[in-house]
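Below is one structure, written out as structure tokens; the observations come after it.
2 protein chains.
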Amino acid sequence: MSNLPKAITIYEEGPREGFQYEKGPIPTEAKIRLIDSLSVSGLRYIQIGSFVDPRRVPGMADTEAVAHGIKINPDVEYNALWMNVRGMKQALAIAHLHVDGKVRVYPSKTFLEKNLQRTSEGNRQKNVELIAQCKALGVPVAEASISSAFGCNFEGEIPLSTVMALVDEVVETFAENDCTIKHLVLADTMAWGTPVAMQRMIGAIQDKYPEITLRMHLHDTRGLGLANAYAALSMGVAHFDSSIAGLGGCPFAAHRGAAGNVCTEDLVAMCHEIGVETGTDLDALVESSMIAREVVGHDLPGRVAIAGTLSALRRKPRGC
Amino acid sequence: MSNLPKAITIYEEGPREGFQYEKGPIPTEAKIRLIDSLSVSGLRYIQIGSFVDPRRVPGMADTEAVAHGIKINPDVEYNALWMNVRGMKQALAIAHLHVDGKVRVYPSKTFLEKNLQRTSEGNRQKNVELIAQCKALGVPVAEASISSAFGCNFEGEIPLSTVMALVDEVVETFAENDCTIKHLVLADTMAWGTPVAMQRMIGAIQDKYPEITLRMHLHDTRGLGLANAYAALSMGVAHFDSSIAGLGGCPFAAHRGAAGNVCTEDLVAMCHEIGVETGTDLDALVESSMIAREVVGHDLPGRVAIAGTLSALRRKPRGC
Numbered sequence: 237m238s239n240l241p242k243a244i245t246i247y248e249e250g251p252r253e254g255f256q257y258e259k260g261p262i263p264t265e266a267k268i269r270l271i272d273s274l275s276v277s278g279l280r281y282i283q284i285g286s287f288v289d290p291r292r293v294p295g296m297a298d299t300e301a302v303a304h305g306i307k308i309n310p311d312v313e314y315n316a317l318w319m320n321v322r323g324m325k326q327a328l329a330i331a332h333l334h335v336d337g338k339v340r341v342y343p344s345k346t347f348l349e350k351n352l353q354r355t356s357e358g359n360r361q362k363n364v365e366l367i368a369q370c371k372a373l374g375v376p377v378a379e380a381s382i383s384s385a386f387g388c389n390f391e392g393e394i395p396l397s398t399v400m401a402l403v404d405e406v407v408e409t410f411a412e413n414d415c416t417i418k419h420l421v422l423a424d425t426m427a428w429g430t431p432v433a434m435q436r437m438i439g440a441i442q443d444k445y446p447e448i449t450l451r452m453h454l455h456d457t458r459g460l461g462l463a464n465a466y467a468a469l470s471m472g473v474a475h476f477d478s479s480i481a482g483l484g485g486c487p488f489a490a491h492r493g494a495a496g497n498v499c500t501e502d503l504v505a506m507c508h509e510i511g512v513e514t515g516t517d518l519d520a521l522v523e524s525s526m527i528a529r530e531v532v533g534h535d536l537p538g539r540v541a542i543a544g545t546l547s548a549l550r551r552k553p554r555g556c
Numbered sequence: 237m238s239n240l241p242k243a244i245t246i247y248e249e250g251p252r253e254g255f256q257y258e259k260g261p262i263p264t265e266a267k268i269r270l271i272d273s274l275s276v277s278g279l280r281y282i283q284i285g286s287f288v289d290p291r292r293v294p295g296m297a298d299t300e301a302v303a304h305g306i307k308i309n310p311d312v313e314y315n316a317l318w319m320n321v322r323g324m325k326q327a328l329a330i331a332h333l334h335v336d337g338k339v340r341v342y343p344s345k346t347f348l349e350k351n352l353q354r355t356s357e358g359n360r361q362k363n364v365e366l367i368a369q370c371k372a373l374g375v376p377v378a379e380a381s382i383s384s385a386f387g388c389n390f391e392g393e394i395p396l397s398t399v400m401a402l403v404d405e406v407v408e409t410f411a412e413n414d415c416t417i418k419h420l421v422l423a424d425t426m427a428w429g430t431p432v433a434m435q436r437m438i439g440a441i442q443d444k445y446p447e448i449t450l451r452m453h454l455h456d457t458r459g460l461g462l463a464n465a466y467a468a469l470s471m472g473v474a475h476f477d478s479s480i481a482g483l484g485g486c487p488f489a490a491h492r493g494a495a496g497n498v499c500t501e502d503l504v505a506m507c508h509e510i511g512v513e514t515g516t517d518l519d520a521l522v523e524s525s526m527i528a529r530e531v532v533g534h535d536l537p538g539r540v541a542i543a544g545t546l547s548a549l550r551r552k553p554r555g556c
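Next up, the structure:
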């Protein structure tokens with residue numbers, strides 16, 4: 237019935253997801269405080285912000301200052317989001333940021349236009365150019381992501397065949413440019429996914445490309461984040477993006493409501509309870525989650541930090 | 237991989253769950269407004285309140301007035317919670333309330349003591365007495381429920397063997413008293429359940445008692461409500477308690493945070509998206525969910541009402 241992995245790896249995106257989405261302004265010091273707390277929670281991958289046009293995403297204007305202000309934990313790989321070579325170069329200028337190239341494809345033409353002002357063909361060319369520029373700069377190209385893979389607020393359902401054709405295209409693009417896909421990210425950017433859709437798409441890709449490692453990026457806008465994560469886990473998927481306290485959302489996705497990524501500590505709590513290791517300290521994550529609330533100045537969707545963990549109840553029954 | 241039912245039946249408990257848990261006071265008229273809105277949403281079962289000691293649960297003191305004030309939809313079966321014969325008689329006095337007997341068992345001795353001030357043996361005797369009194373009053377005894385079946389804030393994990401022994405006891409109690417179990421309710425009162433635990437327990441009961449219809453009562457305290465519901469659906473379970481907007485929580489369960497039942501409209505949205513019918517109108521439920529927020533005077537955990545439904549986005553893309 238299920239093919240749960242023994243352990244998963246979590247890619248923390250809360251700082252980037254949250255700081256781009258919150259109305260702000262959030263002081264640089266507060267961002268650093270949150271990242272420093274995440275750095276000692278056992279997380280191994282933390283996205284600290286993004287190098288994008290500050291006119292479009294004002295909350296990201298201080299990413300360089302954030303990057304220079306954090307206390308580096310040598311066990312953590314820090315990275316930042318960027319969407320073009322200019323952004324990549326900004327990231328490369330900061331020695332302790334890990335940089336690799338990421339090919340992004342969009343089954344929804346409308347979202348591609350809104351998010352990047354590109355056509356599908358234009359995006360394909362940009363990806364080929366990006367790979368060439370990465371190579372010239374010595375940056376490995378290791379990842380591909382499919383945005384709004386399960387559905388789109390602008391275009392509705394995304395047929396599985398459309399996604400599979402894009403996977404073929406991505407595999408081809410990598411092969412033609414002598415690159416190897418480390419992760420293929422299936423992003424449910426606009427929260428159209430269901431457990432059934434997860435299993436169908438993951439199964440189809442696993443069947444055709446068993447050598448590709450899948451990673452899920454699941455937004456929890458309609459409350460299905462953990463149900464979808466469990467569906468992916470039950471298919472053996474072992475790599476998940478997530479967001480402390482459920483921070484975040486994409487400013488260009490026409491969202492309403494609590495639009496963030498699946499909540500890191502809730503995902504970790506579920507995994508630990510079903511015997512899947514995460515390498516993280518849930519109590520430390522709960523602390524980070526409370527800091528995240530202080531930083532943004534309001535409550536956030538994550539549940540476990542407020543409800544209390546089951547492990548705390550085991551240590552101290554009735555203690556809540 | 238999955239054995240999804242074609243359709244599920246939903247037992248709406250939001251009014252009872254919410255009014256017992258909210259600090260209140262909530263005006264009787266406001267309660268009636270919420271119930272009347274639920275009555276035209278396609279729901280077939282609505283629990284409108286409870287007949288319990290108003291000193292212990294002050295929010296329930298006006299249940300009789302609520303029952304008399306609502307607009308009866310003949311397609312809806314209205315009921316109220318009660319815990320003893322005194323409460324049952326109060327419910328029986330109201331012609332349009334459906335009354336049937338419910339046997340409750342508690343794997344957690346501590347919770348049984350806190351919730352009902354009884355020992356396990358005392359509870360068993362009370363159940364036998366209850367059945368006799370129901371028979372004397374012409375009330376069918378049709379349901380059994382296992383409270384905190386997956387774990388307890390006071391006692392921690394509940395071993396599956398403990399639950400199975402209680403199921404055996406319940407089946408025996410029913411047989412000895414010439415009653416038939418219509419539903420066996422597995423209640424995750426304190427939100428210790430996980431998708432894996434759901435599948436394990438449901439599978440064990442289905443194997444031993446294939447003739448028993450299971451119904452899930454899933455609290456969403458740690459965000460796993462829908463993941464657990466999906467796990468139950470994938471085992472063919474077709475009966476679910478739920479709570480509009482995620483209202484509620486048990487005042488005696490030592491909860492913190494958003495402790496309500498799984499959210500009705502979020503459950504319905506998930507079901508419709510995976511092709512499981514519910515017989516309800518999601519737009520009407522979203523409206524009820526917004527009324528629930530007005531009634532309690534603060535936001536509630538349900539996501540879909542705030543985020544917007546996918547069906548609305550299909551009708552009007554970019555409309556959110």
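Each protein sequence line maps, in turn, to chains A and B. Going by our numbering, the first residue of the first sequence is number 237, and it counts up by one from there. Going by our numbering, the first residue of the second sequence is number 237, and it counts up by one from there. Idealized CB from N, CA, C, for every residue including glycine. Note that the structure is a prediction, hence the values are computed from the model and not measured.
- Here D424 of chain B is buried: its Cβ has 16 or more other Cβ atoms, across all protein chains shown, within 10 Å.
- Bridge partners of D404 of chain A according to DSSP: none are assigned.
- For G484 of chain B, no chain A residue has a Cβ inside 8 Å of its Cβ, as the nearest lies near 14 Å away.
- Here E405 of chain A really is in contact with V341 of chain A; their C-beta atoms are around 7 Å apart, less than 8 Å.
- Considered as a whole, the segment 353-434 of chain B harbours 377-382 and 419-424 as its complete beta strand (DSSP E) runs of no fewer than 3 residues, in chain order.
- In the three-state reduction of the DSSP assignment, T245 of chain A falls in the strand class, which pools E and B.
- Contact of E253 of chain A with chain B by beta-carbon distance below 7 Å is absent, the smallest such distance being about 16 Å.
- A direct Cα-to-Cα measurement between I330 of chain B and R436 of chain B gives close to 40 Å.
- In the DSSP assignment, the residues bridged to C499 of chain A are A:S479.
- DSSP places L549 of chain B in the helix class (H, G or I) of the three-state scheme.
- For N315 of chain B, the three-state secondary structure derived from DSSP is strand.
- The alpha helix (DSSP H) runs lying completely inside the segment 287-311 of chain A and spanning 4 residues or more are 299-305, given in chain order.
- With respect to chain B, the C-beta atom of L396 of chain A has no partner C-beta closer than 8 Å.
- For D502 of chain B, the C-beta contacts it makes with chain A under 9 Å involve R458, G459 and L460, in order along the chain.
- DSSP places R529 of chain A in the uninterrupted alpha helix (DSSP H) bounded by L518 to V532.
- Residue pairing of R340 of chain B in beta bridges, as defined by DSSP: B:S381.
- Taking 8 Å as the threshold, the shortest C-beta distance from R539 of chain B to chain A falls below it.
- At a beta-carbon threshold of 8 Å, the residues of chain A lying near Y466 of chain B are P431, A463, Y466 and A467, ordered along the chain.
- By the C-beta criterion, the segment 471-479 of chain A is judged to be in contact with the segment 248-264 of chain A, since at least 3 inter-stretch pairs fall below 8 Å.
- By the Cβ criterion, the segment 345-353 of chain A is in contact with the segment 379-393 of chain A, since at least three pairs of Cβ atoms, one from each stretch, lie closer than 8 Å.
- Nearest CB-CB separation between E509 of chain A and chain B: below the 8 Å threshold.
- Around the C-beta of S286 of chain A, 16 or more other C-beta atoms lie within 10 Å, and the residue is accordingly described as buried.
- L454 of chain B: not part of any alpha helix (DSSP H); member of the beta strand (DSSP E) spanning T449 to L454, first to last residue.
- Proximity of L402 of chain A to chain B, defined by a Cβ-Cβ separation below 8 Å, is not satisfied.
- Beta-bridge partners assigned by DSSP to G285 of chain A: A:A316.
- For F255 of chain A, the CB contacts under 7 Å within the same chain, skipping 5 residues up- and downstream, are I262, K267, G285, G295 and M296 in chain order.
- Burial state of S397 of chain A is exposed, judged by a 10 Å Cβ sphere holding fewer than 16 other Cβ atoms.
- Of the residues assessed, E447 of chain B falls on the exposed side of the cut-off, its CB having fewer than 16 other CB atoms within 10 angstroms.
- Setting aside the 5 residues that flank it on each side, V540 of chain B is surrounded in the same chain by E501, D502, A505 and V522, each with a C-beta closer than 7 Å to its C-beta; the list follows chain order.
- Excluding sequence positions up to five before and after P431 of chain B, its CB lies within less than 8 Å of the CB of L460, A463, N464, Y466 and A467, all in the same chain and listed in chain order.
- Listed along chain A, the residues sitting closer than 7 Å to A505 of chain B by beta-carbon distance are R458.
- Inter-residue distance for V288 of chain B and E357 of chain B is about 22 Å (C-alpha atoms, whole angstroms).
- Nearest to E412 of chain A by C-alpha distance, out of A:W428, A:G544, A:Q361 and A:L450, is A:Q361.
- Membership of R322 of chain B in the alpha helix (DSSP H) is indicated by the continuous run V321 to L328.
- Under the Cβ distance rule, L546 of chain A counts among the residues neighbouring chain B, one pair being separated by less than 8 Å.
- Distance from the CA atom of G482 of chain A to the CA atom of Q326 of chain A, rounded to whole angstroms, is 27 Å.
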